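Structure, as structure tokens:
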Amino acid sequence: MKQDLLRQAGYAYNFDRMVYFNREARKAFSVEFVEDNGEEELKKRIQEGGEPNGWRFYFNSPPSDAVRRELERALG
Amino acid sequence: MADRTIEDRLREEYFDLLPNIRRVIEQLEAEIKYHLPPISHTLARHERLEVTSRIKECESALGALRRRQEGGTFDSDRPELYSLSRLRDLAGVRVLVFPPSRLAEVDQLLCEQFSSWTSDPFRDENVLGHKYYGLCPDASDEIQGEYQVASMLTGLFWEVEHEAIYKPTPSLKGVARSLEMQQHSQDVYRALRNFEDEFERLAKQEKSGS
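From first to last, the protein sequence lines are chains D and P. For the first sequence, the positions run 227 to 302 when this note's numbering is used. For the second sequence, the positions run 28 to 237 when this note's numbering is used.
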């Protein structure tokens, strides 16, 4: 199950932003992305490395710079 | 002075729209109640039909529009993208019905009366109910209304879920989209549906046996 994959990889759900995030990996998945992609795709993305600077966001539509800034601030 | 945020601009828009929202809710509720007596006057003692209406509150509307954005975040560089008039449920009427066969009758009757309206299925296919949106041209050509026809048990579950949990604590609203909660909600909808179907089956059996 997708929620088990995310939980085991250390992702928590932020219910204000509706994203699954991992502060250590600095990666976040939108619920839309998680719902629209299969378990294999999700597993692959979880295993990918993060960004050297800042967060990596897995969204169906890539977030704009302003949205990225706001999410990075909110996720800490 | 600090620049106005998108939320500030949307709050102002909400109160500009409010007179129109009020007109839509009055019109929609009146029309729906006008059409229902052929069914409501023939209900058996155990059957129920209730009509309620509500105007979405300002902060609830803002939250709903924000949660429509992926990542639940407005793009502060593009405020022109956002308008509350895009929400379809600023003015909403809910018809709760028990048991399911009566629900189907009510749905069919209202579909005939609101034939130009668009069906908007519930996200969860286990929900026993239907949802439609459209314009009430006599009330407003700007604000769309929404009506739902749903099983009474499901509606009462929503009242607890929405009115008692999320409404006083809007920040919790996104909980419903988590995979875990979606799974639990599906289980609840399935259980309620099974209960209603079985109740109706037994009621019919009792009627045909008597």
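We treat Cβ as the ideally placed atom computed from N, Cα and C, and that holds for glycine. Since the structure is predicted, the reported quantities are computational estimates derived from the model, not experimental observations.
- Against chain D, the beta carbon of D102 (chain P) has neighbours under 7 Å at S290, A292, V293, listed in chain order.
- The alpha-carbon of E86 (chain P) is positioned some 20 Å away from that of N240 (chain D).
- Under the Cβ criterion of 8 Å, Q234 (chain D) is not counted among the residues facing chain P.
- The beta carbon of L199 (chain P) lies closer than 8 Å to those of I192, Y193 in the same chain, with the five residues before and after it left out.
- Residues of chain P whose Cβ lies closer than 9 Å to the Cβ of E296 (chain D) are, in chain order, G98, T100, F101, D102, S103.
- If you draw a 10 Å sphere on the C-beta of K270 (chain D), you find fewer than 16 other C-beta atoms in it, and that means exposed.
- When CB distances to chain D are screened at a threshold of 7 Å, not a single residue of the region 50-75 of chain P falls below it.
- Assigned with DSSP and collapsed to three states, H211 (chain P) falls in helix.
- Just measuring C-alpha positions, the residue of D:R282, D:E266, D:D242 sitting nearest R295 (chain D) is D:R282.
- Of all residues in the region 199-223 of chain P, those with a C-beta nearer than 7 Å to a C-beta of chain D are L199, G201, V202, R204, S205, L206, E207, reading in chain order.
- A distance below 8 Å separates the beta carbons of N153 (chain P) and R220 (chain P).
- Among the bridge pairs identified by DSSP, F247 (chain D) is matched with D:A238, D:A254.
- If you ignore the 5 residues before and after D151 (chain P), its C-beta comes within less than 8 Å of the C-beta of Q209, S212, Q213, Y216, all in its own chain and listed in chain order.
- A distance below 8 Å separates the beta carbons of I66 (chain P) and L136 (chain P).
- Between the region 164-178 of chain P and the region 103-115 of chain P, the count of C-beta pairs closer than 8 Å reaches three or more; the two stretches touch.
- Identification of chain P residues near K253 (chain D) by a Cβ-Cβ cut-off of 7 Å yields none; the smallest Cβ-Cβ distance measures about 13 Å.
- DSSP places L123 (chain P) in the uninterrupted beta strand (DSSP E) bounded by 118-125.
- When C-beta distances to chain D are compared with 7 Å, the residues of the region 85-97 of chain P below that value are R94, E97, in chain order.
- Per DSSP, reduced to three states, the secondary structure at I170 (chain P) is coil, with no helix or strand assignment.
- When the alpha-carbon of Y159 (chain P) is set against those of P:E188, P:F149, P:F42, the nearest one is in P:F149.
- Nearest to S110 (chain P) by C-alpha distance, out of P:H68, P:P127, P:E40, is P:E40.
- Under the Cβ criterion of 8 Å, Y239 (chain D) is counted among the residues facing chain P.
- Assigned with DSSP and collapsed to three states, E277 (chain D) falls in coil, not helix or strand.
- Contact between the region 92-101 of chain P and the region 44-52 of chain P is absent: fewer than 3 CB-CB pairs across the two stretches fall below 8 Å.
- Chain-order list of chain P residues neighbouring D262 (chain D): empty, with the shortest C-beta distance near 11 Å, by a criterion of under 9 Å.
- Leaving aside the five residues that flank E132 (chain P) on each side, the residues in its chain whose CB is nearer than 7 Å to its CB run, in chain order, I66.
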